[in-house]
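Each residue of the sequence shown is one higher than the one before, starting from -14 at the first, in my numbering.
The beta carbon of each residue, even a glycine, is placed where N, CA and C say it ideally should be.
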Amino acid sequence: MKNTYNYSICKEFQLLNDNYNDSITIVEGLLFRQKELIRTIEYYSNSKYLNGQLDELGREKPFYNIINAMCDVENAAKDIDTKDVQATSDDGQSYIDCFLLAKDVYEWMKTTGFSKTLNDMRDTHTRYGTLLVKKYFETDEDGKKVLKIGIPEWKNLLTDQVDIVNNPIAECHYMPLKDIIEKESWDQEGISYLLEKLKVSGYNHRVPVFEIRGYFPVSFIKELDDKVPSAKDKITFTYQLYHLAIPHTNINKVEASSMFGEKLIPLYWENNTDKIYKCLIRKKKSGRGFGVGVSEEGEEAQVWTNDTVLKQFRAMEFTTKVVGQTASKKLKGRNLLNEVDDGTILEHEDNKPITALTLLPAGGLGQYSALISQWFTQFERATSAYAAQRGESPSSRTAAKLQVAVIQQSGSVMNSIREDLGIFLTEIFTDWIMPYLAKELSAEHILSHEFSIDELREIDKNFSTHVANDMAKEKMLSGEIVTAEDYANYQNQSLQRIQLTKATRFLKVPKDYYKKLKAKITFNITGEQGDKQAIAEVLTNIMKIYIGNPQLITDPVLTEIFLKIVEVSGAKISPAKIIAGLQARAAEMAKNQETGGKISESINFKDLPESGKIQMAAQAGIKLESAPPAPEVPAGAPVLNSQ
């Protein structure tokens, strides 16, 4: 390598670092520094003060963390599970195909640990207010490239402070030296130069290596390839990738900012590379690219809560001291704590007794608790995470309707944030995951999945029908007669056999089964999957309406209102099934009414003629040679009815 330290990309990286460490002006007098905000979030997340843990007297300061709990509240409100994935098709005729595709995608997510990735995405989005994700590939034990979705840590990133994803992004990886040496595709001359500069004996030392992606002039690449760039190369931009190493290993003792004074060593470069980053902003703020997270919304409340707690702590420390006062000169300089035992009698001068000194602050200690509550209330309003949303019991004077209104208002804010996250995940699947799975799922494979009760009912029905058809066909082709009873037995046998696997089924998906399917993956994010009590209450109310209105299907308006209630309830009940149930119930009621409307006649047995008595007895299974004499029938005796 020639002129190792003078490459244009190295100078561009230094410029990116300088801009990142400077503040930007939002409006006149209002500055923003992304690095400082991230530093504050990291400190507060770990319950640490920015200016140290000791006060001016060397005492440790208590940290009253109110941010972490609020982050947990929002995380719970926008919980996303891998089971929320849905596959849909625009043609509306590919229900079965989309159904199987959704299960295949779910199994892929379970195998790759994507549920953990979803949790990390949710946590980062909540705490920092900005979620940056990247796609990359890892090689498994079989040498196969596996798609991964990663969440870079903000403390290791250098980005543009106005537009994050559309400008160069530098991510620091602290790589063991042995991993760098094993990179056969990297520049071997640059690796040798790095080893020479480090002069270390061990190979497990971690070296800062920056992965830089962005639009740069073609001349940057040509310089590293030892080619002379043309004038056009200096104004032609392509999306490029670089790995630049800093010859430094004392990362545990040296601040990261001081390492940038070192010269950079290019280890790898690539032209026209893929764009691997996507960004989601929780709450947009004008003039900057970094969004507003729960930590920033609670920064002021955290600062002044800590200030109040510190004052309360010092006041308590002062007021709990045992201090006495007296005008007696005999007791001057004496100490009650270390000089007086139980039962000691102190002598003092006449009219100069020892009295206790009250050290309570003006207004008492209650004012500090009021200030803490005041700041916490401000934080609740900023994050819409009220006591009702957190599941705390309201005071006895709180009206039930007010409690419901608070939950609804808070839920509406969370719904908007949750919806944005769902759209973002859909975009990731559309642009990254589905093209990858299209190749992975093209081969013939076995789909092993644990299905729901409704899904099992449909699958097992189709399977038993398929098996019964094959068995009946085989019997008939061999010359045997297959009756309806035989066919039903074939179905029952296949059902019993498949149900031995309990809720799991193994389905063979043919090669290129999804090839012509134009499906899209979405996330059904309702937020109600975690509130089982609410779902149970909704189902109970729906059941009451259904049972308490037997004539429901006969009133079109009432039926439409009821189906709308089911739809918006989020109970995941199919309106089509309810309509079918209502129609079946209406048909049964009509049949019963028709049967019950027939005219029936009653006649006493004694009033029948002799031949009629013999015939009636025969219907009852009694053989009579001649009719018996009619007995006396007491009043109120039962009669035989015929219709």
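query, result
"Tell me whether the segment 126 to 142 and the segment 178 to 189 touch, counting them as touching only if at least three CB pairs, one residue from each stretch, are closer than 8 angstroms.", "no"
"Taking contact to mean 3 or more Cβ pairs, one atom from each stretch, closer than 8 angstroms, check whether the segment 226 to 233 and the segment 249 to 268 are in contact.", "yes"
"Would you check if the segment 89 to 100 and the segment 37 to 52 touch, i.e. whether three or more CB-CB distances between them fall below 8 angstroms?", "no"
"Can you tell me whether Met55 is buried or exposed? The criterion is at least 16 other CB atoms within 10 Å of its CB, across all chains shown.", "buried"
"Beta-carbon within less than 6 angstroms of Ile11's beta-carbon, same chain only, minus the 5 sequence neighbours each way: which residues are those?", "Phe17, Gly272"
"Go ahead and label Met301 buried or exposed: buried means 16 or more other beta carbons lie within 10 angstroms of its beta carbon, across all protein chains shown.", "exposed"
"Just tell me which of Leu441, Glu365, Asn474, Tyr531 has its CA closest to the CA of Val58.", "Glu365"
"Can you confirm whether the segment 445 to 453 touches the segment 473 to 493 when touching is taken to mean that 3 or more C-beta pairs between the two stretches lie within less than 8 angstroms?", "yes"
"With 16 as the cutoff for other CB atoms within 10 Å, does Phe414 come out buried or exposed?", "buried"
"Please name the residue in Leu410, Lys458, Pro214 whose C-alpha comes closest to that of Phe508.", "Leu410"
"Please tell me whether Lys505 has its Cβ less than 9 angstroms away from any Cβ of chain E.", "The displayed structure is made up of one protein chain only, and chain E is not part of it."
"Can you give me the C-alpha to C-alpha distance between Thr489 and Phe436, rounded to a whole angstrom?", "6 angstroms"
"In this structure, does DSSP put Leu35 in helix, strand or coil?", "coil"
"Does the count of Cβ pairs from the segment 201 to 210 and the segment -11 to 2 closer than 8 angstroms reach three?", "yes"
"Given a cut-off of 9 angstroms, decide if Gly114 and Ile266 are closer than it, judged by their beta-carbon atoms.", "yes"
"At what residues does the beta strand (DSSP E) containing Leu426 begin and finish?", "No beta strand (DSSP E) holds Leu426; DSSP gives it neither H nor E."
"Just how far apart, CA to CA, sit Asn152 and Lys270?", "18 angstroms"
"Within the continuous alpha helix (DSSP H) that includes His110, where are the two ends?", "99 to 113"
"Verify whether the separation of the beta carbon atoms of Leu633 and Arg198 is less than 9 angstroms.", "Given that the chain is displayed from residue -14 to residue 628, the structure contains no residue 633 and the question cannot be resolved."
"What are the uninterrupted segments assigned as alpha helix (DSSP H) that are 4 or more residues long and contained completely in the segment 160 to 184, given in chain order?", "162 to 166, 173 to 183"
"Need the endpoints of the beta strand (DSSP E) that Leu252 sits in, please.", "250 to 255"
"Output the distance between the C-alpha atoms of Tyr188 and Arg107, rounded to the nearest integer angstrom.", "36 angstroms"
"Can you give me the Cβ contacts of Lys529 inside the same chain, cut-off strictly under 8 angstroms, excluding the 5 residues immediately before and after it?", "none"
"Out of Asp69, Val147, Ile23, point me to the one whose CA is closest to Thr109's CA.", "Ile23"
"Is His451 helix, strand or coil by DSSP?", "helix"
"Using a Cβ-Cβ cutoff of less than 6 angstroms, which residues in the same chain neighbour Ser427 once the five nearest sequence positions on both sides are dropped?", "Asp497"
"Using 8 angstroms as the cut-off, can you tell me whether the segment 354 to 364 makes contact with the segment 283 to 290, which would need three or more C-beta pairs spanning the two stretches below that distance?", "yes"
"On the DSSP bridge list, what partners appear for Val194?", "His158, Ala230"
"If you count every other CB in all the chains shown that lies within 10 Å of the CB of Gln484, and 16 or more means buried, which is it?", "exposed"
"Given a cut-off of 9 angstroms, decide if Leu117 and Leu142 are closer than it, judged by their beta-carbon atoms.", "yes"
"Looking only at DSSP bridge pairs, what is Gly309 linked to?", "Ala341"
"Can you say whether Ala341 is buried or exposed, counting buried as having 16 or more other CB atoms within 10 angstroms of its CB?", "exposed"
"From what residue to what residue does the beta strand (DSSP E) around Arg482 run?", "Premise fails: Arg482 lies in the alpha helix (DSSP H), 469 to 483, not in any beta strand (DSSP E)."
"Below 9 angstroms between beta carbons: does that hold for Ile166 and Ile176?", "yes"
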